[in-house]
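Line by line, the protein sequences are chains A and B. Note that my numbering has the first sequence beginning at 28, numbered continuously upward. Note that my numbering has the second sequence beginning at 10, numbered continuously upward. Here a beta-carbon is modelled for each residue, glycine too, at the ideal position from N, C-alpha and C. Values in this document were obtained by computation on a predicted structure and should not be read as measured data.
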Amino acid sequence: MIRFILLQNRQGKTRLAKYYIPLEESEKHKVEYEVHRLVVNRDPKFTNFVEFRTHKVIYRRYAGLFFSLCVDITDNELAYLECIHLFVEILDHFFSNVCELDLVFNFHKVYLILDEFILAGELQETSKRNAKVEKKKG
Amino acid sequence: MALSGMRGLSVFISDVRNCRNKEQERLRVDKELGNIRTRFKNEKVGNIGGREFAESLAPDVQKLLISSSCRPLVRKKAALCLLRLFRKNPDILNIDGWSDRMSQLLDERDLGVLTSSMSLFVALVSNNHEAYWSCLPKCVKVMERLARNQDIPQEYTYYGIPSPWLQVKTMRALQYFPTVEDPSIRRALFEVLQRILMGTDVVKNVNKNNASHAVLFEALALVMHLDSEKEMMSQCVALLGKFIAVREPNIRYLGLENMTRMLMVTDVHEIIKRHQAQIITSLKDPDISIRRRSLDLLYGMCDVSNAKDIVEELLQYLATADFAMREELALKAAILAEKFAPDLSWYVDVILQLIDKAGDFVSDDIWFRVVQFVTNNEDLQPYAALKAREYLDKPAIHETMVKVSAYLLGEYSHLLARRPGCSPKEIFGIIHEKLPTVSTPTIPILLTTYAKILMHSQPPDPELQNQIWAVYSKYESCIDAEIQQRAVEYFALSRKGEALMDILAEMPKFPERQSSLIKKAEDTEADTAELSAIKLRTQQQTSNALVLTDQRPANGAPQVSQLGMVMVPSTSNADQNAVDQRVTQSNGTLSVVDPQPLAQDHAPAGDILGDLLSPLAIEGPPGVSPQSEFNGVPSHEGSVGANDALALAPVGDQESTVKPIGDIAERFQALCLKDSGVLYEDPYVQIGIKAEWRGHQGRMVLFLGNKNTAPLDSVQAVILPPSHLKLDISLVPEIIPPRAQVQCPLEVVNLRPSRDVAVLDFSYKFGTHLVNNKLRLPAVLNKFLQPIQVSAEEFFPQWRSLPGPPLKLQEVVRGVRPMPLGEMANLFNSLKLMVCPGLDPNPCNLVASTTFYSENTRAMLCLIRIETDPADRTQLRMTVASGDPTLTFELKEFIKENLVSIPTAGKPPAPVAQQPQPNNQPIASSDPGALLAGLL
């Protein structure tokens, strides 16, 4: 199960955060800070998986943006890694050539797309067309 | 772009504009609002719903999910919404009814809905796979459809791979089933798996590569889980061996991780050992994630044959390892050294090296453990002392090393006395050098060491003595209370001369216990949404014992002496529980009637559990009562076991034993269900009972009948009431004339709910025979119940108004005596729990209601629901609800006692429902006992 999703830039600014477990506001800040520190200095040649407390963070870097998913240690890492990529592809289709600014100015749309894509910490729709088209209808 | 993204909105606006009148406009707006509602309701609940949400919304969400008229968009959200609610509260789904629907859901053609449903299914099946066997073939079908036939719409392929996520989820779900029995399904599954194992190639495109390997690794996990086809297993191991050698970090990481998992399920140590060198290389990888995985794998694959190599490798690595890993590394090295030490001196070497190299990361547990080992193994002591002495020569040593060396030298330095540099004076000197450098917690250890050195230097060396006394007097006024106390006390003690020897003698051996280190390593467990299949499997393998309950009321309100407590399969917990149980027991009233507390204290933990789990303590094996007032006169009690007692009793005593006729436990059980009958009978006496119950009060009459032509004397009947019953017995005459019957009325008042049982301590003398029996009185919980029929209109509001623990308790009961539903309903009715047919739509379930009376609770409605599993009659789920937490708990335990066949030591479980026929006892018609029975 996905515990939370974070989109952060290299400076550690959180562009999108979605939690599927209840956390206090202060705890969220701490988590965001820690996850950023964990992933930002990793060599690109390293694995995309890194242990975080009792879970695992699956992250992927696109330009200056880190997409991090926190999942259970028993979950299939590669499946979630590709889940990140699929999400990026969906964003890319939607914004045609997505960049950090799109996420900043259209954050509400990003959240809506994310809700179409992942719900209750599980993948909901893996078809790019459906996730996008339904979004437009809504 | 803005407008193209709002097609729905523009359609809506033009629709509204085209409306001819207000009525049409309103209809169109309502329709749009309806769309918005269905669209968002599930999403909202799916992401933020809580426990209360779960209970009240689950039925609606279920309806949305299975309704065929709903759009796929709504249904897939409903599936995940239900998953979320289920995680919050697993009780929202009625397993029996749901498994069929789940099976239908897995036939779904729409892949979006199927993906979401599969996520839900993984959660359900991880919780209870038994209920979902019917879904297994469906999962295999899904796999065939995806991996073999590739029969899915284009948009659901990802880089040409049919939805890798759905494949992964499906194979994950399959791992929760212990086996695949049906041969044709099995063949189909293996064909698919084979295809995946063989058909996955490394390709250039990183995304495609990742996706296909995600499927491949899940397939590997499934093959390992099914663990049968030798050929496929070796294929898997070969693949993993390849993976841990590749450059691609993710694949190498997963190779290491899956190899570790593989170790847990199958016996592949030998094959994996071939890759040891490769794994050790990964231990030095720049990426900490890979290092961690290889450390885990090394830890898992370690055994006696390679322990030396691996531990040495770990020690070497420790010096350069980064801080984030050192503690884990140190702990694992210490555990391996302890578990697989080829000889103990090597173990001491390893731990001392560990402390030397990574002192900061060696927790106290580790050095405590080495001290325990040395103390318990005399052969090791001189060696350990010598080693400690050597380390002290090093210029800068870690404080933990100071602690451990000081302790070891204090205890055992006298064993080195003849070696150079090991005289008490020199030892003191070298330890005392370290004193200024250590922190406060270490100083007391050093002070103790000095005292021990002083004790061992015989004859006393005045110079050394003065040095040490000077140290003590310096610390006499230390601000730290511990140091001050030790300084003052050791100073005073050391003036006592010879007496010092006794007080400061060597530490006794430590009791053998489970290594705290191993416990510590086991404790660090991750929390996951679903218990992993491997974990589940290891648990199932060990849990052959019955798990009765794992739930105690949170508020602690229930009375003491609850017998049905936790019985956990793992032995490490058993001790703990035994202690708990004993404590509870001694707090409770049962300790008063327990005939053999001494015997129990010496019994191994398992026996204690066994005794406590049997319906009542007095049914335990026979023992001589420590409470017997007649010392020297053999008296036999624990009456059930009197037969066994014969075998144990000395020959001379045999004549004086009196055997009861019939099984006392059976008689008691029968009387629990009816109101009159024989409670006890032996060749001389018969005790009958007749009772009437009204609300929380009752009236019992004991009929004490003398069956013989000689009088019975010294008759005593004392009632030992539990705290929840008020019991008044009228005087019992001391002598019962020949062939006469005495009636003793008894008034019973029930104060509060409890399962404790009143005991009648009955003794008499016949000739020279003294007979003493402790008999349970059938004033049990169900006597204060009044069956009541409730209608659906009354039941459901009541059921819902009792939200959850502690008022509503649920438990899965295993080890139930298998019985058809009808028989169970009869049992319930005989326990005065009125079965209400038709309330539960599922025919496999049973709903019952009753009213409980006690002075505290007054009349209180209790509702019971039993969900049985037609496939497995030995387990069921029970939910009990009432307005009082104690009552709920006690009633639940009471019903459980009546449903579960509890194995008691050495004898078959007393069948509860079987009605013994006291009147059918083979008694001659001339026997006055028969006449007595007739009177009842």
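Just to confirm, is the Cβ distance from residue i to residue j under 7 Å?
i, j, result
"glutamine 467 of chain B", "tyrosine 421 of chain B", "no"
"glutamate 149 of chain A", "serine 128 of chain B", "yes"
"leucine 327 of chain B", "alanine 367 of chain B", "yes"
"alanine 88 of chain B", "leucine 74 of chain B", "yes"
"glutamine 798 of chain B", "methionine 843 of chain B", "yes"
"leucine 872 of chain B", "serine 858 of chain B", "yes"
"glycine 106 of chain B", "asparagine 838 of chain B", "no"
"valine 371 of chain B", "alanine 339 of chain B", "yes"
"leucine 424 of chain B", "lysine 461 of chain B", "no"
"proline 731 of chain B", "alanine 767 of chain B", "yes"
"leucine 526 of chain B", "isoleucine 344 of chain B", "yes"
"methionine 152 of chain B", "threonine 179 of chain B", "yes"
"aspartate 294 of chain B", "arginine 300 of chain B", "yes"
"valine 821 of chain B", "arginine 886 of chain B", "yes"
"arginine 882 of chain B", "proline 827 of chain B", "yes"
"leucine 818 of chain B", "valine 741 of chain B", "no"
Is there a C-beta anywhere in chain B that falls below 7 Å from the one on residue i?
i, result
"valine 67 of chain A", "no"
"arginine 156 of chain A", "yes"
"phenylalanine 93 of chain A", "no"
"histidine 63 of chain A", "no"
"asparagine 133 of chain A", "no"
"aspartate 99 of chain A", "yes"
"leucine 105 of chain A", "yes"
"histidine 112 of chain A", "yes"
"glutamate 52 of chain A", "no"
To the nearest angstrom, how far is it from the Cα of residue i to the Cα of residue j?
i, j, result
"tyrosine 400 of chain B", "glycine 419 of chain B", "15 Å"
"leucine 33 of chain A", "phenylalanine 93 of chain A", "8 Å"
"glutamine 752 of chain B", "lysine 699 of chain B", "10 Å"
"aspartate 365 of chain B", "isoleucine 406 of chain B", "7 Å"
"leucine 779 of chain B", "serine 739 of chain B", "23 Å"
"phenylalanine 31 of chain A", "valine 131 of chain A", "19 Å"
"glutamate 498 of chain B", "proline 520 of chain B", "27 Å"
"glutamine 476 of chain B", "glycine 438 of chain B", "10 Å"
"glutamate 321 of chain B", "tryptophan 174 of chain B", "42 Å"
"methionine 709 of chain B", "leucine 734 of chain B", "13 Å"
"isoleucine 22 of chain B", "glutamate 34 of chain B", "10 Å"
"leucine 688 of chain B", "glutamine 678 of chain B", "10 Å"
"serine 126 of chain B", "aspartate 236 of chain B", "27 Å"
"proline 49 of chain A", "arginine 398 of chain B", "54 Å"
Nearest chain A C-beta to residue i closer than 7 Å, yes or no?
i, result
"lysine 85 of chain B", "yes"
"asparagine 30 of chain B", "no"
"glutamate 41 of chain B", "no"
"asparagine 136 of chain B", "no"
"proline 787 of chain B", "no"
"histidine 222 of chain B", "yes"
"valine 177 of chain B", "yes"
"proline 258 of chain B", "yes"
"asparagine 854 of chain B", "no"
"tyrosine 400 of chain B", "no"
"threonine 537 of chain B", "yes"
"serine 685 of chain B", "no"
Within 7 Å (strictly less), CB to CB, does residue i reach chain E?
i, result
"aspartate 296 of chain B", "Absence of chain E from the displayed structure is noted, the protein chains being A and B."
Uninterrupted alpha helix (DSSP H) stretches inside the stretch 113-148 of chain A (no shorter than 4 residues): 127-132 and 134-144
Short-range partners of chain A found in the stretch 291-322 of chain B, where Cβ spacing is below 8 Å: Pro295, Asp296, Ile297, Ser298, Ile299 and Arg301
Residues from the stretch 107-127 of chain B in contact with chain A, defined by Cβ distance under 8 Å: Leu120, Gly121, Thr124 and Ser125
Contact residues within the stretch 77-103 of chain B, judged by C-beta distance below 7 Å to chain A: Leu82, Lys85, Lys86, Leu89, Cys90, Leu92 and Arg93
Contact list for the stretch 154-174 of chain B against chain A, Cβ threshold 8 Å: Pro162, Glu164, Tyr165, Tyr167, Ser172, Pro173 and Trp174
Residues from the stretch 244-278 of chain B in contact with chain A, defined by Cβ distance under 7 Å: Pro258, Asn259, Tyr262 and Leu263
Contiguous alpha helix (DSSP H) assignments of at least 4 residues, all confined to the stretch 186-223 of chain B: 192-208
Against chain A: residues of the stretch 876-887 of chain B by CB proximity under 7 Å: none
Interface positions of the stretch 68-85 of chain A facing chain B (Cβ-Cβ less than 8 Å), listed along the chain: Arg69, Asp70, Lys72, Phe73, Thr74, Asn75, Phe76, Val77, Glu78, Thr81 and His82
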